[in-house]
Amino acid sequence: MHSFSKLPTRTYRQYGFNPAKDQPVETTAQNDTDNKPQKKHGRIQKATELFTRVPTLGRLFSEILACQGLSTLLNVCFVSKLSSAIPGDDDRAGWMGKFFALVNIVSGVLQFGFLPPLMKLIDPAWLWRAMPTLMVGLTCFQSFQADPSLYLVSGTFLLMKTMEFSARRMLDEMVYVPLDYESRYVGKEIIGVFGYRFGKSGMSLALSGLTWAFGKNHFGLQELSRFTTVAAGLWFVTALRLSNLVPTRDEADATYKLNKMK
2 MHSFSKLPTR
12 TYRQYGFNPA
22 KDQPVETTAQ
32 NDTDNKPQKK
42 HGRIQKATEL
52 FTRVPTLGRL
62 FSEILACQGL
72 STLLNVCFVS
82 KLSSAIPGDD
92 DRAGWMGKFF
102 ALVNIVSGVL
112 QFGFLPPLMK
122 LIDPAWLWRA
132 MPTLMVGLTC
142 FQSFQADPSL
152 YLVSGTFLLM
162 KTMEFSARRM
172 LDEMVYVPLD
182 YESRYVGKEI
192 IGVFGYRFGK
202 SGMSLALSGL
212 TWAFGKNHFG
222 LQELSRFTTV
232 AAGLWFVTAL
242 RLSNLVPTRD
252 EADATYKLNK
262 MK
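For the sequence shown, the positions run 2 to 263 when our numbering is used.
Rendered as structure tokens:
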């Protein structure tokens, strides 16, 4: 009986069939291991291909990095001046609450009351150029002050946050309107994940490195204000490059209707 039990297996092997060869032994785990590096590089490769195919999104990514870097610097200036001007925790918290309440109110008025009729009169490119131009002027004036007042620092930061919450977000969405569905979807995913987060975290790391290198005593509010002027100038350059590729209102509407018909 023992010899007959081996007969089927021998017969199968004579005709080229081996049951052991059809068993997926550790192939799945090996394939998963081989695919892991591809997943890591997939998003970076996707971003590179997208920015090459759609240069407008590449310049928008650069503009967001510069904008978020400036916003982080102005936030540090605001907190630093507020801490020295108002030592009490309760009074400082009250000032902070009123400040951000004013930011929300002004942003809402601009977004719903002022910007919609304004955009019917001008093209988006002019607004892209106007925002950093205002910030270059204010930060330059602030950097020349040996000890800028709390109202000056707060006003500069207020203007930045209101533009960021109202005009910039509106213009950001207008960039995606004339694009095809894939470019809009992938662009928002990449820019939303990397652009905003890397701009803030990168500037925070840079400030930490500068403070460690020069020390807190040699890195005061005036030095921070000078860095904000440099950051505002960088934002102006990136916004200007982006505005040269942003389509006009008529061009954006025509492209959007064409993509909708496809």
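We put the CB at the ideal spot given by N, CA and C, even for glycine.
Practice item. Kindly confirm or deny that the region 99-118 and the region 161-171 touch, where touching means at least three C-beta pairs closer than 8 Å. Key: yes
**Prompt:** Among residues of its own chain, excluding the 5 on either side of leucine 151, which ones have a beta-carbon nearer than 7 Å to its beta-carbon?
**Reply:** Lys82, Leu83 and Ala86
Does proline 88 come out as helix, strand or coil in the three-state DSSP assignment? Note: proline 88 maps to coil in three-state DSSP.
| message | Just verifying my parser: in three-state terms, what is the DSSP assignment at alanine 48? | response | helix
Do the region 116-123 and the region 193-211 meet, that is, are 3 or more Cβ pairs less than 8 Å apart? no
Contact belief for threonine 60 with arginine 250 at Cβ below 8 Å, rounded distance in angstroms: Checking the sequence shown, residue 60 turns out to be arginine, not threonine. With a beta-carbon spacing of about 19 Å, arginine 60 and arginine 250 fall beyond the 8 Å limit used to define contacts.
Q) According to DSSP, is glycine 221 helix, strand or coil? A) Look at glycine 221 here: in three-state DSSP terms it is coil, with no helix or strand label.
Option nearest methionine 273 by Cα separation, candidates Ser205, Leu51 and Gly156 | Any property of residue 273 remains undetermined from this structure, which presents the chain solely from 2 to 263.
Original post:
CA-CA distance, phenylalanine 113 and phenylalanine 166?
Top reply: Per the coordinates, the alpha-carbon of phenylalanine 113 lies some 12 Å from the alpha-carbon of phenylalanine 166.
Would you report the Cα separation of tyrosine 182 and lysine 189, rounded to the nearest angstrom?
11 Å
Comparing C-alpha positions only, which one of Met204, Gly221 and Asn245 sits nearest to tryptophan 127?
Asn245
Q) Going by other Cβ atoms of all chains shown within 10 Å of its Cβ, with 16 needed for buried, is isoleucine 65 buried or exposed? A) buried
- Task: Between the Cα of arginine 130 and those of Ala168, Gly109 and Val110, spot the shortest distance and give me the residue it belongs to.
- Result: Ala168
For phenylalanine 275, three-class secondary structure by DSSP: In the structure as shown, the chain starts at 2 and stops at 263, and residue 275 therefore has no counterpart that could be examined.
Range covered by the alpha helix (DSSP H) that runs through glycine 193: It is not in any alpha helix (DSSP H) - glycine 193 carries neither H nor E in the DSSP assignment.
Problem set entry | Coarse secondary structure for leucine 122, derived from DSSP in three states | coil
Please name the residue in Thr49, Pro56 and Thr73 whose C-alpha comes closest to that of alanine 232. Thr73
Point to revise | 6 Å CB neighbourhood of glutamine 46 in its chain, flanking five on each side removed | key: none
> What distance in whole Å lies between the Cβ atoms of threonine 229 and aspartate 144, which are believed to be in contact at a cut-off of 8 Å?
Replying inline: Residue identity check: residue 144 is serine in the sequence provided, not aspartate. With 8 Å as the limit, serine 144 and threonine 229 qualify as a contact, their Cβ atoms being about 7 Å apart.
Check your understanding: Taking buried to mean at least 16 other C-beta atoms within 10 Å of its own C-beta, is serine 108 buried or exposed?
Key -> buried
**Asked** Alpha carbon to alpha carbon, how far is valine 247 from threonine 49?
**Response** Each residue's alpha carbon lies about 20 Å from the other.
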